[in-house]
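The structure appears right after this line, and notes come after that.
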Amino acid sequence: MPSIHQTSTRFVGKMEFETEINGHHLILDTTETNGGENKGPSPKPLILSSLAGCTGIDVVSLLNKMHVSYSDFNITVEADLGDEHPKMYTEIRLTYFIKTDERDKMEKAVQLSLEKYCGVSAMLRKVCPIIHKIVFL
């Protein structure tokens with residue numbers, strides 16, 4: 000039987016929403032230019048953050064299983080947003096920054112994450128390309 004994920008989101012006012020995910024509360028809003036008060040992230044960049052978290056968790060898990068020593072690991076995500084409605088990402092670029100001497104294993108961990116394990120990247124890849132690079136510190 001498939002797992003079910005559920006969130007609950009309620010309108011607060013103006014353009015602000017409060018969402019609850021597994022007991023965690025998050026404010027969603029939009030910029031003042033778009034009628035909000037910028038009290039929290041807007042939905043589309045939150046998707047990019049979810050992508051970084053998903054692939055990051057995979058990479059850490061895989062590196063730990065491979066007994067790889069690493070530090071200073073972080074991920075940045077940039078995306079191009081289309082001009083026409085519905086405004087969707089047209090390209091996503093992931094950059095992994097990490098300090099490790101085991102480059103081959105890091106490259107393998109990223110490939111496995113993006114091609115096999117990260118469900119967020121699998122979903123997003125259906126609508127736009129995801130490009131990645133690794134910067135070794």
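Note that the sequence shown covers residues 0 to 136 in numbering that gives the first Met the number 0. For every residue, glycine included, the Cβ atom is placed at its ideal position computed from N, Cα and C. If you're wondering where the values come from, they're calculated on a predicted model, not measured in any experiment.
Subject >> Exposure of Ser2, with buried meaning 16 or more beta-carbon neighbours within 10 Å >> reply: Note on Ser2: under 16 other CB atoms within 10 angstroms of its CB, so exposed under the neighbour-count rule.
**OP:** Could you tell me the distance, in whole angstroms, from the CA atom of Thr54 to the CA atom of Gln110?
**Re:** One C-alpha to the other measures close to 10 angstroms.
Original post:
Under a three-way DSSP split, which group does Leu123 fall into?
Top reply: Helix.
Original post:
What residue does the beta strand (DSSP E) around Thr6 start on, and which one ends it?
Top reply: Counting along the chain, Thr6 sits inside the beta strand (DSSP E) bounded by residues Thr6 to Gly12.
Original post:
Nearest to Gln5 by CA position, among Met14, Ile20 and Lys13, is which residue?
Top reply: Cα-wise, what sits closest to Gln5 is Ile20.
Subject >> Counted within 10 angstroms of its Cβ, other Cβ atoms place Leu123 as buried (16 or more) or exposed >> reply: Burial call: buried.
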